[in-house]
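In what follows, a single structure is set out as structure tokens and then discussed.
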Amino acid sequence: MLEPITSGLDRILQGVQSGSLWLARAGGVLILLTVALVTIEILSRQLIGRSNLHATEITGYVMAISTSWAFAYTLMRKAHIRIDALYVKLPVSARGVLDLIALLSLALFCVLVVGAAFDVAEHSYTGGARANTPLGTPVWIPQALWLLGLVWFSVAVVLMSLRVLLGLLSGQMNDVQRLAGSPTLDEQIREENKETN
Numbered sequence: 001m002l003e004p005i006t007s008g009l010d011r012i013l014q015g016v017q018s019g020s021l022w023l024a025r026a027g028g029v030l031i032l033l034t035v036a037l038v039t040i041e042i043l044s045r046q047l048i049g050r051s052n053l054h055a056t057e058i059t060g061y062v063m064a065i066s067t068s069w070a071f072a073y074t075l076m077r078k079a080h081i082r083i084d085a086l087y088v089k090l091p092v093s094a095r096g097v098l099d100l101i102a103l104l105s106l107a108l109f110c111v112l113v114v115g116a117a118f119d120v121a122e123h124s125y126t127g128g129a130r131a132n133t134p135l136g137t138p139v140w141i142p143q144a145l146w147l148l149g150l151v152w153f154s155v156a157v158v159l160m161s162l163r164v165l166l167g168l169l170s171g172q173m174n175d176v177q178r179l180a181g182s183p184t185l186d187e188q189i190r191e192e193n194k195e196t197n
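Under UniProt numbering, the first residue of the sequence shown carries the number 1, and numbering increases by one thereafter.
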């Protein structure tokens, strides 16, 4: 009965995983561009004695943006830090319930953070707030890009939570472990071997 819904959610999650990979890559490119900008600024200060690049302000924006853009990819790869010494000793069904509780807690946190971030970006936009720097950046621009990553992460968490819930209800414990379970050492080694080949 739940099979059409779960297979549809699996397809959507594959799309979310693809989108998350591209956002993480874009964040990585932003960081590399920032490194180049900082290098140019340092060389400019050493050779000319001054620089007009304002790398400090830009790197702050880029760090916030690229970090939020990588959250969903980290979730999809199950790369968030976990303390699972007791978890791995529990039965698969208990682990699935704990995974769902963790995802629902994360989803609640995401909703609260996105609401607050939206309020900040909206207030900056409507108030015409600008950075108190020589660039005078309209701060809603980096805040909106930061918010984009947080919203994408929230969508990923909510969809993952729904899929894990449906997996638990339909008794698909292997799917629940594949999607949200803490990877075992053997699974991590297999994943590393797949990536290096």
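Don't be surprised by glycine CBs; every beta carbon is placed ideally from N, CA and C.
Predicted, not measured: the structure shown is a model, and the values here were computed from it.
Q | CA-to-CA distance, residue 189 to residue 196, given in whole angstroms | A | The sequence position of residue 196 within the sequence shown is 196, counting from 1. The sequence position of residue 189 within the sequence shown is 189, counting from 1. Looking at the two C-alpha atoms, the distance is approximately 11 Å.
Q: Could you give the DSSP three-state label for residue 138: helix, strand or coil?
A: The count along the sequence shown starts at 1 and reaches residue 138 at position 138. Correct three-state label for residue 138: strand.
Q: Compare the C-beta of residue 194 against all C-beta atoms of chain B and say whether one is closer than 7 Å.
A: Among the chains in the structure shown there is no chain B, since it carries only a single protein chain.
(Q) Give me the DSSP bridge partner(s) of residue 130. (A) As a working note, residue 130 is residue 130 in the sequence shown. Bridge partners of residue 130: 138.
**Q.** Burial state of residue 3, where buried means 16 or more other Cβ atoms lie within 10 Å
**A.** Position 3 of the sequence shown, counted from the start, is the residue given in the question as residue 3. It counts as exposed.
Q | Cα-Cα separation, residue 74 to residue 20 | A | In the sequence shown, residue 74 corresponds to position 74, counting from 1. In the sequence shown, residue 20 corresponds to position 20, counting from 1. Between residue 74 and residue 20, the C-alpha separation is close to 8 Å.
Q) Leaving out the 5 sequence neighbours to the left and right, which residues in its chain are closer than 6 Å to residue 61 when beta-carbon positions are compared? A) Taking the sequence shown and counting its residues from 1, the one referred to as residue 61 is at position 61. Once the five neighbours on either side are set aside, the close Cβ partners of residue 61 are 142.
Q.
Just to confirm the assignment, what range does the alpha helix (DSSP H) spanning residue 10 have?
A. Taking the sequence shown and counting its residues from 1, one reaches residue 10 at position 10. Residue 10 -> alpha helix (DSSP H) spans 3–47.
Q: Take the Cβ of residue 46 as the centre, count every other Cβ of all protein chains shown within 10 Å, and call the residue buried at 16 or more, exposed below.
A: If you number the sequence shown from 1, residue 46 lands on position 46. The residue is exposed, with fewer than 16 neighbouring Cβ atoms inside 10 Å.
Q: Please look up how many angstroms separate the CB atoms of residue 182 and residue 87, rounded, as I've assumed it's under 8 Å.
A: Taking the first residue of the sequence shown as position 1, residue 182 is located at position 182. Taking the first residue of the sequence shown as position 1, residue 87 is located at position 87. With a Cβ gap of about 6 Å, residue 182 and residue 87 count as contacting.
Q: Within 10 angstroms of the Cβ of residue 177, are there 16 or more other Cβ atoms? Answer buried if so, exposed if not.
A: For the purposes of this step, residue 177 is taken as the residue at position 177 of the sequence shown. Buried, by the Cβ-count rule.
Q: Write down the C-beta distance between residue 57 and residue 131 rounded to the nearest angstrom, noting that I regard them as a contact closer than 8 Å.
A: The count along the sequence shown starts at 1 and reaches residue 57 at position 57. The count along the sequence shown starts at 1 and reaches residue 131 at position 131. The Cβ separation is near 6 Å, so the contact holds.
Q: Using the Cα positions of residue 120 and residue 193, report the straight-line distance between them to the nearest angstrom.
A: In the sequence shown, residue 120 corresponds to position 120, counting from 1. In the sequence shown, residue 193 corresponds to position 193, counting from 1. One C-alpha to the other measures close to 43 Å.
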